[in-house]
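Novice:
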Amino acid sequence: MSELLTERSGRVAAARKLTRRAGRDAAGAFLAEGRQAVSEALATAPDDVREVFATEAAAAAHRDLLASTTVPVRLVTEKAAAGLSETVTPQGLVAVCALRDLPAGWLTAEPPRLAVGLAGLADPGNAGTVLRTADACGAGTVVFGAGAADPYGGKAVRASAGSLFHVDVVRGAPLGPLVADLQARGVTVLAADGGGETALDELGSALAGPVLWLFGNEARGVPPELAGAADARVRIPMRGRAESLNLAAAAAICLYATQLAQG
């Protein structure tokens with residue numbers, strides 16, 4: 180453990196810049212807050228964790244976790260910890276982690292059985308939730324297309340509940356060329372679309388994989404030109420009276436159905 184650092188210390192000031200995307204991109208790092216995210220980072224990618232900041236209270240509460248790591252742990256004041264948090268009630272435990280981006284070529288070289296592409300999905304909470312769902316359903320890669328929410332923002336990292344450290348992440352890739360490349364490799368590309376011509380329960384063997392699911396903006400859906408390039412635009416049949424589904428809920432249904440088909 181180090182001496183108590185304040186909000187004015189150089190290390191804390193440098194880490195505080197990571198609460199903004201420009202700061203994250205410049206430093207090649209992001210913040211993971213709370214025990215769930217920090218423990219997953221230390222367990223899954225310890226070499227990517229640069230340091231951990233903890234208040235005295237958090238260090239005592241998570242003594243078991245912090246005692247088991249060789250990553251530098253730095254004690255900070257409550258005010259310093261608050262400056263590193265994007266929540267109303269800071270948890271007092273924050274890890275500085277290296278960005279986990281992979282190039283799009285990583286995905287096309289050896290496509291996983293299940294991957295997800297996010298086209299213009301703007302809400303970071305939804306982005307993190309879809310990433311968490313993709314992880315739960317066995318997806319190997321999540322692509323955050325150009326214009327999509329940053330998966331390394333505080334809200335997205337929290338919503339992913341540690342899943343950000345379990346799946347490969349491609350960020351900022353143009354989805355049009357990526358879709359064409361994957362289709363050339365035998366990947367079935369499906370665009371979730373409330374007005375799609377194909378019902379989810381009609382896909383049959385098309386879900387057996389490899390599959391890339393495209394999910395779009397919460398209000399506008401997958402861009403028409405991108406949806407048109409997919410092998411099918413897929414709607415979720417609804418028996419009840421709901422007008423539509425929340426984007427994250429729709430993604431969960433599509434990905435779970437694919438998981439079942441892939442066995």
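To convert, take the position in the sequence shown, counting from 1, and add 179; that gives this note's numbering. Every residue, glycine too, gets a C-beta built ideally from N, C-alpha and C.
1) Does the beta-carbon distance from VAL322 to VAL295 come in below 8 Å?
2) In angstroms, rounded to a whole number, what distance separates the CA positions of MET180 and CYS276?
3) Kindly indicate the opening and closing residues of the alpha helix (DSSP H) around ALA283.
4) Considering only residues of the same chain and omitting the five flanking positions on each side of ARG200, which have a CB-CB separation below 6 Å?
5) For ALA428 and ALA236, I'd like the C-alpha separation in whole angstroms.
6) When the Cβ atoms of the segment 367 to 377 are set against those of the segment 411 to 418, are three or more pairs found closer than 8 Å?
7) Roughly how many angstroms separate the alpha carbons of GLY262 and ALA306, rounded to a whole number?
8) Specify whether the segment 312 to 322 and the segment 186 to 197 touch according to this definition: at least 3 beta carbon pairs, one from each stretch, less than 8 Å apart.
9) Whose C-alpha, out of ALA325, LEU245, LEU386, is nearest the C-alpha of ALA301?
10) Only counting runs of 4 or more residues, tell me where the alpha helix (DSSP H) segments fall wholly within the segment 302 to 350, in order along the chain.
11) Whole angstroms are fine: how far does the CA of ALA240 sit from the CA of PRO303?
12) Would ASP280 and VAL346 be called neighbours here (beta carbons separated by less than 8 Å)?
13) For THR256, which of GLN270, LEU245, LEU354, VAL366 has the nearest alpha-carbon?
14) Quick test of your reading: GLU230 and VAL250, contact by CB under 8 Å. State the CB separation rounded to the nearest angstrom.
15) Restricting to Cα atoms, I'd like to know which of LEU405, GLU182, ALA193, PHE394 is closest to THR308.
16) Less than 6 Å between C-beta atoms, sequence neighbours within five positions excluded: which residues of the same chain meet that for LEU426?
17) If I follow the unbroken alpha helix (DSSP H) through GLU219, where does it start and stop?
18) In the DSSP output, which residue or residues are listed as bridge partners for ASN396?
19) Comparing alpha-carbon positions, which option in GLY332, GLY355, LEU184 lies nearest PHE209?
20) When we look at the beta-carbon of SER423 and count the other beta-carbons within 10 Å, is it buried (16 or more) or exposed?
21) By the three-class DSSP mapping on this structure, what secondary structure does VAL191 have?
22) Span of the alpha helix (DSSP H) holding ALA240?
Specialist: If we stick to the structure as given:
1) yes
2) Only weak support is given to the placement of MET180: the predicted model assigns it a pLDDT of 48, under 50, and the question is left unresolved by the model.
3) 283 to 288
4) ASP329
5) 37 Å
6) yes
7) 24 Å
8) no
9) ALA325
10) 303 to 315, 333 to 339
11) 29 Å
12) no
13) GLN270
14) 6 Å
15) PHE394
16) ASN305, GLU397
17) 214 to 223
18) GLY400
19) GLY332
20) exposed
21) helix
22) 235 to 240
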